[in-house]
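Before any comments, here is the structure.
Number of protein chains: 2
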Amino acid sequence: MNEFELIARLSRGLPTNPAVVTGSGDDCAVLDFGLPEKLFLFKTDALVEGIHFTRGMAPEKIGHKALARCLSDIAAMAGMPDAALVTLGLPENFDPALIEKIYNGLNALARKYQVAVVGGEITANPGHIFMSVAVLGTVPRGKQVLRSGARPGDAIFVTGDLGGSILEKHLEFEPRIAEAQWLARHFPIHAMADLSDGLAGDLRHILQSSGVGAEILKTALPVSRAAKLHAKKSPGKSPVIAALTDGEDFELLFTVAGGDAVRLLDAWKKQFPKLKLSCIGKIVAAAGLVIRDQAGPHKLDAHGYLHFA
Amino acid sequence: MNEFELIARLSRGLPTNPAVVTGSGDDCAVLDFGLPEKLFLFKTDALVEGIHFTRGMAPEKIGHKALARCLSDIAAMAGMPDAALVTLGLPENFDPALIEKIYNGLNALARKYQVAVVGGEITANPGHIFMSVAVLGTVPRGKQVLRSGARPGDAIFVTGDLGGSILEKHLEFEPRIAEAQWLARHFPIHAMADLSDGLAGDLRHILQSSGVGAEILKTALPVSRAAKLHAKKSPGKSPVIAALTDGEDFELLFTVAGGDAVRLLDAWKKQFPKLKLSCIGKIVAAAGLVIRDQAGPHKLDAHGYLHFA
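Residue numbers (numbering that gives the first Met the number 0), protein chains in the order written: chain W, 0 to 308; chain U, 0 to 308.
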């Protein structure tokens, strides 16, 4: 049983109450506490030494990443973050200076987005550092963007370049809060997610939640320089596969009606001239994810290879 | 540098914003999002295998404890819990059945208090289980009870029996939500905290936050049967010292004006006939914690011994 199967099993029959608008299964939970103009967003995300970072990395960047992951999820709902709690599990002989540097990185990002760090906990954790951040945010009532709203005919967009994040970007990425705010204010965004599990994985979450399929144009994928570098070191892995399957891009993946696509691309270039926006394909009615190139349609298998469909 | 010194150092200059009513340093953070009648409570708490539980313990109780610890903090602010997120770090060869049982215990407690479990995360954690729960709750605006409101002349109360929780109670305790709600509705509670670090430790937090001291009557301490049992196994540790210093009692510790004390005790007996409430001493102006017996006043030293003051 893998992570996703276990989550599916645990997600059945979770306790709920009338405050829940959207429970588990999206980027954030959405809660209604009766505030006329706002709904609440609630999210937690963990960072484990040896898995999400190693002791040799700059501690400020580890703190940055711990909070930025949660902020990326808030962004993916078109929300704004308000407050954060930090849980820190520390091995026996932790270096206080290291912990302070982790906090410095986290606090710097919090200040940038006016997020209050309102406490947390420090506990022992044998062997390695475990960080967990919980974030509370808000979104204008009714303006939250879920994964479940994609419709056949939608254009699929992705910000930035994809793949090879492990080389550097996973520790330095900027949560796309400003971009998501602007998108939600100016266009009817049908579905949105942030890229944490890799484009193919996160797009599948949107497709399954929405009950649709997608066709991606291989040549339209914004393959990063890092993906090309990283692919060179991984025999059998092409840069395109890296862009499709590497995790932790933390870019925005979203869909809008096909008729809005050109207007959106034009407006984006004026608003965010430094950040690439790519239309990578379209939503279709038939379930499944198809990658198309000159040779025809391909399916991406579980091992990260493209096969003729 | 111990946990408290590190927290003090990290707590200086944390990022804040206008939503923060009370930041780190109390049982929960208190946030104001403009809801006319309510403020929000935000809390996170972690449970680490080998420290807070061991693999041999009933997994349902581990799940119960993980959520109950947070609910105890919500209770200590006189609040009600609304939603929870669960972070679960799992070793490589976790047993899915074990994880389901942990969730069953957590979910049962959530249902009892109408807490929605709205998601969370499962991640790898080499070597052992790490659980972190974040809870969002609410409190009627202005009715939150802080640690900082104790005044000289206040009577100090504690619910239940103290000490020896490690033998059983730490896995089975009931968060005192109903009791705290009733207290806050019927009496002006000056200060309140839940007992997680031991009576002496948590009372010191109240004293330091309030800028006062306390005199505890040794004979008034509600020493549990478990404290007596546990003290027998720990050479040099008396049951009274166990009641003063053992952690994880998860009872309520609070102060009211001395003039309210008798009326409160009478009303409590009618409302909660099965749960003991003890008046254990009084708040005084002079800083410090004094334990008084027939021989006179004593000070509790850092090693858990009583010395003549």
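Each residue gets a CB set at the ideal place from its N, CA and C atoms; glycine is no exception.
Can you find the residues in the same chain that come closer than 6 Å, C-beta to C-beta, to residue i, ignoring five residues on each side of it along the sequence?
i: Phe-52 of chain W; result: Ile-61
i: Asp-292 of chain U; result: Lys-217
i: Gly-197 of chain W; result: Thr-244, Asp-245 and Gly-246
i: Lys-268 of chain W; result: none
i: Cys-69 of chain W; result: Lys-42, Asp-44, Val-132 and Val-134
DSSP three-state label for residue i, please.
i: Leu-13 of chain U; result: coil
i: Cys-27 of chain W; result: coil
i: Leu-252 of chain U; result: strand
i: Val-20 of chain U; result: strand
i: Glu-120 of chain U; result: strand
i: Val-261 of chain U; result: helix
i: Ser-208 of chain U; result: helix
i: His-127 of chain W; result: coil
i: Glu-214 of chain U; result: strand
i: Phe-52 of chain U; result: strand
i: Gly-104 of chain W; result: helix
i: Lys-227 of chain W; result: helix
i: Ile-290 of chain U; result: strand
i: Phe-307 of chain U; result: strand
i: Leu-145 of chain W; result: coil
i: Ala-192 of chain W; result: strand
i: Pro-296 of chain W; result: strand
i: Leu-46 of chain W; result: strand
i: Ala-285 of chain W; result: coil
i: Ala-199 of chain U; result: helix
i: Ala-57 of chain W; result: coil
With DSSP as the reference, please indicate the residues paired to residue i in a beta bridge.
i: Ala-179 of chain W; result: In DSSP, Ala-179 of chain W forms no bridge with anything.
i: Ser-277 of chain W; result: W:Val-157
i: Gly-136 of chain W; result: W:Leu-40 and W:Pro-80
i: Thr-86 of chain W; result: W:Glu-120 and W:Ser-131
i: Ile-240 of chain W; result: According to DSSP, Ile-240 of chain W bridges with nothing at all.
i: Ala-115 of chain W; result: W:Ala-82
Can residue i and residue j be called in contact, C-beta distance under 8 Å?
i: Ala-286 of chain W; j: Gly-200 of chain W; result: no
i: Ile-240 of chain U; j: Ile-155 of chain U; result: no
i: Asp-193 of chain U; j: Ser-71 of chain U; result: yes
i: Lys-281 of chain U; j: Val-289 of chain U; result: no
i: Pro-14 of chain U; j: Arg-54 of chain W; result: no
i: His-185 of chain W; j: Ala-74 of chain W; result: no
i: Val-138 of chain W; j: Ala-77 of chain W; result: yes
i: Ile-98 of chain U; j: Leu-5 of chain W; result: yes
i: Ser-223 of chain W; j: Gly-162 of chain W; result: yes
i: Pro-234 of chain W; j: Ser-277 of chain W; result: no
i: Asp-248 of chain U; j: Ser-164 of chain U; result: yes
i: Leu-89 of chain U; j: Ile-50 of chain U; result: no
i: Leu-228 of chain U; j: Leu-166 of chain U; result: yes
i: Asp-31 of chain U; j: Ala-18 of chain W; result: no
i: Trp-181 of chain W; j: Gln-270 of chain W; result: yes
i: Ser-195 of chain U; j: Ser-147 of chain U; result: no
i: Ile-128 of chain U; j: Glu-48 of chain U; result: yes
Identify the contact partners of residue i in chain W, using a Cβ-Cβ distance below 9 Å as the criterion.
i: Gly-55 of chain U; result: What Gly-55 of chain U touches in chain W: nothing, since even the nearest Cβ is about 17 Å away.
i: Glu-91 of chain U; result: By Cβ distance, chain W contributes nothing, its closest Cβ being about 11 Å from Glu-91 of chain U, past 9 Å.
i: Arg-110 of chain U; result: Pro-14
i: His-127 of chain U; result: Asn-124, Pro-125 and Gly-126
i: Thr-137 of chain U; result: Phe-32
Under 7 Å Cβ-Cβ, which residues of chain U neighbour residue i?
i: Val-47 of chain W; result: Gly-88, Thr-122, Ala-123 and Asn-124
i: Ala-133 of chain W; result: Thr-43, Leu-84 and Ala-133
i: Leu-13 of chain W; result: Asn-106 and Val-116
i: Tyr-102 of chain W; result: Leu-9
Excluding the 5 residues flanking residue i on each side, which residues of the same chain have their C-beta closer than 7 Å to its C-beta?
i: Ala-230 of chain W; result: Lys-236, Ser-237, Pro-238 and Ala-241
i: Leu-66 of chain U; result: Ala-83, Leu-105, Leu-108, Ala-109 and Val-132
i: Ala-226 of chain W; result: Leu-161, Gly-162, Gly-163, Pro-238, Ala-241, Ala-242 and Asp-245
i: Pro-151 of chain W; result: Val-211, Ile-282, Val-283 and Ala-284
Just the chain W side, please: which residues come within less than 7 Å of residue i by C-beta, in chain order?
i: Gln-113 of chain U; result: Asn-16
i: Arg-140 of chain U; result: Going along chain W, no residue has its Cβ under 7 Å from Arg-140 of chain U, so there is no contact; the nearest lies around 13 Å.
For a contact meaning CB atoms closer than 8 Å, what does residue i contact in chain W?
i: Gly-119 of chain U; result: Ser-23 and Thr-43
i: Ile-6 of chain U; result: Ile-121
i: Thr-158 of chain U; result: None at all; the shortest Cβ gap to chain W is about 23 Å.
i: Glu-214 of chain U; result: Those within 8 Å of Glu-214 of chain U in chain W number zero; the least Cβ separation is about 30 Å.
i: Ile-98 of chain U; result: Leu-5 and Leu-9
For a contact defined as C-beta to C-beta under 8 Å, what are the partners of residue i on chain U?
i: Leu-81 of chain W; result: Inspection of the sequence shows that residue 81 of chain W is occupied by Asp rather than by Leu. Simply Asn-16, Ala-18, Leu-30 and Phe-32.
Using a cut-off of 9 Å between C-beta atoms, extract the partners of residue i located in chain U.
i: Phe-249 of chain W; result: Correct list: empty, because the minimum Cβ distance to chain U is about 15 Å.
Looking only at its chain, what residues have a beta carbon closer than 8 Å to the beta carbon of residue i, apart from the 5 residues adjacent to it on each side?
i: Gly-255 of chain U; result: Note on residue identity: the sequence assigns Val, not Gly, to residue 255 of chain U. Excluding sequence neighbours, Val-255 of chain U sits near Asp-153, Ala-154, Phe-156, Phe-186, Pro-187, Ile-188, His-189 and Leu-263.
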